[in-house]
Amino acid sequence: MGGFNIMLGRKLIVVDDQLGMRMLIKEVFSDLGFNVAEAKSFGEAVNIAASFNPDVALIDMKLGIDSDYDGVDVIEALKAINPEVIFIIITADIECESIKRAFTKGVFCCLGKPFDIDFLIHLVNKLYDFEETKTSRL
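The sequence shown begins at 1 in the numbering used here and counts up by one.
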């Protein structure tokens, strides 16, 4: 993971029903200086995002077999809280119809599970570089 910038003060939320995925992303991005929140469900994601105000959201499309919500529902709710959030989908089912719906909601990209964690770090770093460049030009 060497060569990436330390990203102090940046906020990321990961919404995934799988504890292992949430733990991995939290550990890796926390080590890089991110403030990371995690949620396992739609309700947790909405409650946390309302006070946490993330910059980037990593959203699993399928939030468990007992959930009435999917990743698109989370994206819509988080956009209502903060329309500036950048969304990245992480999902094992890259063929699902929900992904097409998610892209109509402004999702930046979709990563299939399993994904390369170094690529995810690079991607998020580039998103911040782009946003900082865009802001400095205003």
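Built from N, CA and C at the ideal position, the CB exists for glycine as well.
Just so it is clear, the structure is predicted and the values come from calculations on it, not from any experiment.
Item                                                                         : Value
Pick from N125, S41, S51 that is closest to V72, judged by C-alpha positions : S41
Distance CB(I88)-CB(C110) smaller than 9 Å                                   : yes
Helix, strand or coil at F42 [DSSP, three-state]                             : helix
Whole-angstrom distance between F115 and N82, CA atom to CA atom             : 27 Å
Buried/exposed call for A80, threshold 16 Cβ in 10 Å                         : exposed
Beta-carbon separation (whole angstroms), A77 vs V46, contact threshold 8 Å  : 5 Å
Distance, L127 Cα to K100 Cα                                                 : 21 Å
Span of the alpha helix (DSSP H) around G20                                  : 19 to 31
Straight-line Cα distance separating N53 from K11                            : 7 Å
Limits of the unbroken beta strand (DSSP E) element including L12            : 11 to 15
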